[in-house]
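Note that the sequence shown covers residues 8 to 280 in my numbering.
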Amino acid sequence: MLWSDYLARFHRERAGITELVLSRCVDRDGATPYDWLAELAGPTAQPAGPPAAGEPGDATPVLDLACGSAPLWPRLAGRTYLAGRSYLGVDRSAAELSLAAGRGAAPLVRADAAALPVADRTIRLVVCAMALMITQPLPRVLAEIGRVLRADGRLVAIVPASRPLTVRDVAVVAGLAASAGRLSYPNDAALADPAGQFRAAGLRLVGDQARRFAYPLTTPADADALLASLYLPGVRPRRVRAARGYLRALARVHATVPVPIRRLDARADRPPA
Ligand SMILES: C[S@@+](CC[C@H](N)C(=O)[O-])C[C@H]1O[C@@H](n2cnc3c(N)ncnc32)[C@H](O)[C@@H]1O
Numbered sequence: 008m009l010w011s012d013y014l015a016r017f018h019r020e021r022a023g024i025t026e027l028v029l030s031r032c033v034d035r036d037g038a039t040p041y042d043w044l045a046e047l048a049g050p051t052a053q054p055a056g057p058p059a060a061g062e063p064g065d066a067t068p069v070l071d072l073a074c075g076s077a078p079l080w081p082r083l084a085g086r087t088y089l090a091g092r093s094y095l096g097v098d099r100s101a102a103e104l105s106l107a108a109g110r111g112a113a114p115l116v117r118a119d120a121a122a123l124p125v126a127d128r129t130i131r132l133v134v135c136a137m138a139l140m141i142t143q144p145l146p147r148v149l150a151e152i153g154r155v156l157r158a159d160g161r162l163v164a165i166v167p168a169s170r171p172l173t174v175r176d177v178a179v180v181a182g183l184a185a186s187a188g189r190l191s192y193p194n195d196a197a198l199a200d201p202a203g204q205f206r207a208a209g210l211r212l213v214g215d216q217a218r219r220f221a222y223p224l225t226t227p228a229d230a231d232a233l234l235a236s237l238y239l240p241g242v243r244p245r246r247v248r249a250a251r252g253y254l255r256a257l258a259r260v261h262a263t264v265p266v267p268i269r270r271l272d273a274r275a276d277r278p279p280a
């Protein structure tokens, strides 16, 4: 099955599952991956400062790309300068967008990341949570981000990572891989060393960090939610059942599952128009 078909069905049937799981993943300070991303979208983050009246891009200074159920919306709207009208959520999934609308995120547009219905150089900040590893074709998606960003614009994104892991984590991840297989995404190779891809899109990578988050397993429902949030195209039902059994066994001993996340920070890298 093509990844695009798999993703369309996954998000139609499991809308909101990424947020459900990731909003329960915390680092040592109790911050979720969304909080970690939103840190870079704060009022002190440059160049994403308060929009000056009359500047192009005032109406949509923050683009939440592949917004899903819009877990970033409350975190961005909570920042002092981001009134509701300063947000634009874009996603391809109607089911995800309907959850986003239900929480008040607006405006929202159903569109493909590779063809953004946004004018050139009008966006001050693009945020993108857990999507750059699957949005295809990646060079086209990055070119779109580069196109819509103003000359002083910025992209901050989080994607799954394979590190850091503790020694104990390595065993947990190996146990999951033994049943469900190793998790992988279509843009893994490109994102292994993304600076060149970013440069080709008019973006300069200025930050690339990884942090360990942990998902607590205490009930069978926690185990099932985690499993449901994983993209497992082509994995046979027998192996999915084995993975469920493995995660439920971890839940019986109240284990945590490591969720390493990578945060990319890039700036538009071209002269002002
Ligand atoms: C793992 S979810 C992340 C959603 C949300 N940002 C979050 O962190 O909860 C990936 C999202 O990317 C969207 N998506 C995948 N490919 C896309 C594309 N080419 N254009 C727009 N959205 C896309 C999916 O519909 C889904 O909502």
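Note that the Cβ used here is the ideal one computed from N, Cα and C, for glycine as well. Computed from a prediction, not measured in an experiment: that's the story for all the values here.
Nearest candidate by alpha-carbon position, reference P146, set R219, T263, A207, L156
A207
Where Y238 falls: helix, strand or coil (DSSP)
coil
Rounded C-alpha distance that separates A22 from D200
30 Å
Mapping DSSP to helix, strand and coil, what is Y253?
helix
To which residues of the same chain is P3 closer than 7 Å at the C-beta, ignoring the five residues directly before and after it?
The structure shown does not extend to residue 3, since the chain spans only 8 to 280, so no value can be given for it.
Range of the contiguous beta strand (DSSP E) that encloses Q216:
210-223
Rounded to the nearest angstrom, what separates P40 and R245 at their Cα positions?
31 Å
Is M137 near ligand 1, judged by its Cβ being under 6 Å from some heavy atom?
yes
Compute the distance between the beta-carbons of L257 and L234, then report whether it is under 7 Å.
no
Cβ shell of A168 (< 7 Å), same chain only, five flanking positions each side left out
A217, P267, I268, R269
In this structure, how does DSSP classify L79 when only helix, strand and coil are distinguished?
helix
Which residue from A101, T263, L44, P68 puts its Cα closest to that of I152?
P68
Limits of the unbroken alpha helix (DSSP H) element including Y41
40-46
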